[in-house]
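Here the protein sequences come in this chain order: A and B. In terms of the numbering used here, the first sequence opens at residue 3 and continues consecutively. In terms of the numbering used here, the second sequence opens at residue 36 and continues consecutively.
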Amino acid sequence: MIAKETILQRVQALPALSTAVAELASLRDDPLATALAYERVIRPDPALSTNFLRLANSAHFGTRHEIKTVRAALALLGTKRLYEVVVGAALHGVLPERLPGYEVDLPGFWRHCAAVAALSERLSTELRVGAPDFVFTAGLLHDIGKLVIGSFLAAESAEVLARVRGSEKTFIDAEHEVLGWDHSEIGAEVARAWRLPEAVVDTARWHHSPSECPTANRTLVDMVHVADGLAHSLGMGADTGELARRIEVPAMQRLHVTARTLERIACDSLANIKDLCHSLEGNAGRTS
Amino acid sequence: MTPTLAGAATNLITVDIADIRVSKDPASVIVTYALGSCVAVIVHDPIRRIGGMIHYMLPLAQTAPDKARGNPAMFADTGIPVLFRSVYELGCRKEDLVVKVAGGGSLYDDKGTFEIGRRNYVVLRKMFWKTGVMIAAEDVGGSKSRTVRLNVGTGQVVVRSQGEETEL
Numbered sequence: 003m004i005a006k007e008t009i010l011q012r013v014q015a016l017p018a019l020s021t022a023v024a025e026l027a028s029l030r031d032d033p034l035a036t037a038l039a040y041e042r043v044i045r046p047d048p049a050l051s052t053n054f055l056r057l058a059n060s061a062h063f064g065t066r067h068e069i070k071t072v073r074a075a076l077a078l079l080g081t082k083r084l085y086e087v088v089v090g091a092a093l094h095g096v097l098p099e100r101l102p103g104y105e106v107d108l109p110g111f112w113r114h115c116a117a118v119a120a121l122s123e124r125l126s127t128e129l130r131v132g133a134p135d136f137v138f139t140a141g142l143l144h145d146i147g148k149l150v151i152g153s154f155l156a157a158e159s160a161e162v163l164a165r166v167r168g169s170e171k172t173f174i175d176a177e178h179e180v181l182g183w184d185h186s187e188i189g190a191e192v193a194r195a196w197r198l199p200e201a202v203v204d205t206a207r208w209h210h211s212p213s214e215c216p217t218a219n220r221t222l223v224d225m226v227h228v229a230d231g232l233a234h235s236l237g238m239g240a241d242t243g244e245l246a247r248r249i250e251v252p253a254m255q256r257l258h259v260t261a262r263t264l265e266r267i268a269c270d271s272l273a274n275i276k277d278l279c280h281s282l283e284g285n286a287g288r289t290s
Numbered sequence: 036m037t038p039t040l041a042g043a044a045t046n047l048i049t050v051d052i053a054d055i056r057v058s059k060d061p062a063s064v065i066v067t068y069a070l071g072s073c074v075a076v077i078v079h080d081p082i083r084r085i086g087g088m089i090h091y092m093l094p095l096a097q098t099a100p101d102k103a104r105g106n107p108a109m110f111a112d113t114g115i116p117v118l119f120r121s122v123y124e125l126g127c128r129k130e131d132l133v134v135k136v137a138g139g140g141s142l143y144d145d146k147g148t149f150e151i152g153r154r155n156y157v158v159l160r161k162m163f164w165k166t167g168v169m170i171a172a173e174d175v176g177g178s179k180s181r182t183v184r185l186n187v188g189t190g191q192v193v194v195r196s197q198g199e200e201t202e203l
């Protein structure tokens, strides 16, 4: 069992998410914010700006014209989309080239994040629950707890994988056995440390047990939970324990989602997921 | 880890999800990564030293006929015939082909909600039964992800899963 202080220290030791993310969140709440204000947040950070423009032009965001400036992005995508793109660019910026634990590299981890984000969003459209705010972002960031385990607890994560293999254990149970923590609990701490919205904190915390989510964000968590399962099932996992997980039947029932619906969503999203990956590949370098 | 198949092969051909690749270069290795519920069908002609692989995602094109027209490799029923036609076009004959199958895994799922892997495999078996294709070897099902490599020169197929490699 690892002490809470140790975990919190590790959370603090992660690279900080660009401050642009928190600043944009408050800009979003300001109806009088100008394009200039958005530019002032994003442009000073060159790495973020580069990733931002690459990602903004990926097919998932569906603009017909090439976006070359923050101002154009704001006009063509709107503030909600702009925030999602910035979070994606910022997340990609803090992912290490290779996580020592969980046998995963940057392209693999990013692929999983992008897949769950795109599938969650597509699911919310399909189910006509009305895209809850932050559905793409919450999907994108659901596994940030794995960054802590994969970065700082390599030996322990190897033990987690060993316990999952050849057993009926779920990944999350194995993490609990080895660490006394699982990546959803740690993920919620990371989301708080990064000052992310409550919806993102809740999704990171409950995406493996959506029925336990005590807040109004449960529908969002349900969708990310199902999208996460679908992504792993399609081989877009973030670790080698990919399939060792359960899908909560109550979550499926609350969403009224069928296997056929999931298959169609997978078909519809595949090209966009590939494009979300390719758009940032240039500065990542494939290692798999 | 030293890849078992590396040897002298230099030409690594990657089969993406919903993708088909064939090769007549004996120095090539065809590989596909992370088959979860998806299925890989691997065909090899030992006489002509030609190989091919499909990594399909879903069983039936009726799920999304428009997608199937653009990319038949997404589905078993539209993709597998394309794989066989592609190696026939390179001169292979059906009776010479060695056919192997891997993938079709599933999440822990008591209620069968996420039964994509099982359905992917069932459709394949039906198709092969109808067309008289024999499966020489397979590694399917279970809750694990697999990476598969085919050495086109030798026909050797290696499945890597959960840190271990086995020859198929």
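From the three backbone atoms N, C-alpha and C, an ideal C-beta is built for every residue, glycine too.
Cutoff 8 Å: residue i Cβ touching any chain A Cβ
i, result
"THR201(B)", "no"
"CYS73(B)", "yes"
"GLY140(B)", "yes"
"ASP54(B)", "no"
"TYR143(B)", "yes"
"MET92(B)", "yes"
"THR45(B)", "no"
"LYS161(B)", "no"
"MET109(B)", "yes"
"LYS129(B)", "no"
"ILE65(B)", "no"
"SER178(B)", "yes"
Where residue i falls, given that 16 or more other Cβ within 10 Å makes a residue buried
i, result
"ILE82(B)", "exposed"
"TYR123(B)", "exposed"
"THR98(B)", "buried"
"HIS90(B)", "buried"
"LEU130(A)", "Position check: residue 130(A) holds Arg in this sequence, whereas Leu was assumed. By the neighbour-count rule (16 or more Cβ atoms within 10 Å), ARG130(A) is not buried but exposed."
"ASP101(B)", "exposed"
"GLU86(A)", "buried"
"THR201(B)", "exposed"
"ALA218(A)", "exposed"
"ALA193(A)", "buried"
Residue i at chain B interface by Cβ criterion, 8 Å
i, result
"ASP107(A)", "no"
"ILE234(A)", "The question names Ile, yet the displayed sequence has His at residue 234(A). So, interface residue."
"THR221(A)", "no"
"CYS115(A)", "no"
"ALA61(A)", "no"
"ILE151(A)", "no"
"CYS269(A)", "yes"
"ALA229(A)", "no"
"THR172(A)", "yes"
"VAL251(A)", "yes"
"LEU198(A)", "no"
Residue i, DSSP secondary structure in three states
i, result
"MET3(A)", "coil"
"TYR85(A)", "helix"
"SER58(B)", "strand"
"GLU199(B)", "strand"
"SER63(B)", "strand"
"HIS90(B)", "strand"
"MET162(B)", "helix"
"LEU185(B)", "strand"
"THR71(A)", "coil"
"PHE110(B)", "strand"
"VAL134(B)", "strand"
"ARG100(A)", "strand"
"LEU129(A)", "coil"
"ASN219(A)", "coil"
"LEU47(B)", "strand"
Check whether residue i and residue j have beta carbons under 8 Å apart
i, j, result
"LEU257(A)", "VAL228(A)", "yes"
"ALA58(A)", "ILE44(A)", "no"
"LEU95(B)", "ASP112(B)", "yes"
"MET88(B)", "ILE115(B)", "no"
"PHE136(A)", "ALA119(A)", "no"
"ALA62(B)", "GLY190(B)", "no"
"SER180(B)", "LEU245(A)", "yes"
"HIS67(A)", "LEU78(A)", "yes"
"LEU132(B)", "VAL194(B)", "no"
"LEU108(A)", "GLU99(A)", "yes"
"ILE275(A)", "ASP144(B)", "no"
Beta-carbon neighbours of residue i, restricted to chain C and to distances below 7 Å
i, result
"ARG256(A)", "Looking at the structure shown, chain C is missing, and the protein chains on hand are A and B."
(request) Check whether the region 13-32 of chain A touches the region 141-156 of chain A, taking contact to mean three or more Cβ pairs, one atom from each stretch, closer than 8 Å. (result) yes
(message) Tell me whether the region 163-183 of chain A and the region 198-209 of chain A touch, counting them as touching only if at least three CB pairs, one residue from each stretch, are closer than 8 Å.
(response) The way I'd put it, the region 163-183 of chain A doesn't touch the region 198-209 of chain A; fewer than three beta-carbon pairs between them come closer than 8 Å.
(message) Would the region 110-124 of chain A count as touching the region 67-79 of chain A if we require 3 or more Cβ pairs under 8 Å?
(response) no
(message) Check whether the region 133-142 of chain B and the region 47-63 of chain B touch, using three or more Cβ-Cβ pairs below 8 Å as the test.
(response) no
(message) Within 8 Å, do at least three Cβ pairs link the region 149-157 of chain B to the region 159-179 of chain A?
(response) no
(request) Indicate whether the contact test is met: 3 or more Cβ pairs, each with one atom in the region 228-239 of chain A and one in the region 104-117 of chain A, closer than 8 Å. (result) yes
(message) Under 8 Å: do the region 100-109 of chain A and the region 152-167 of chain A share three or more Cβ pairs, one atom per stretch?
(response) yes
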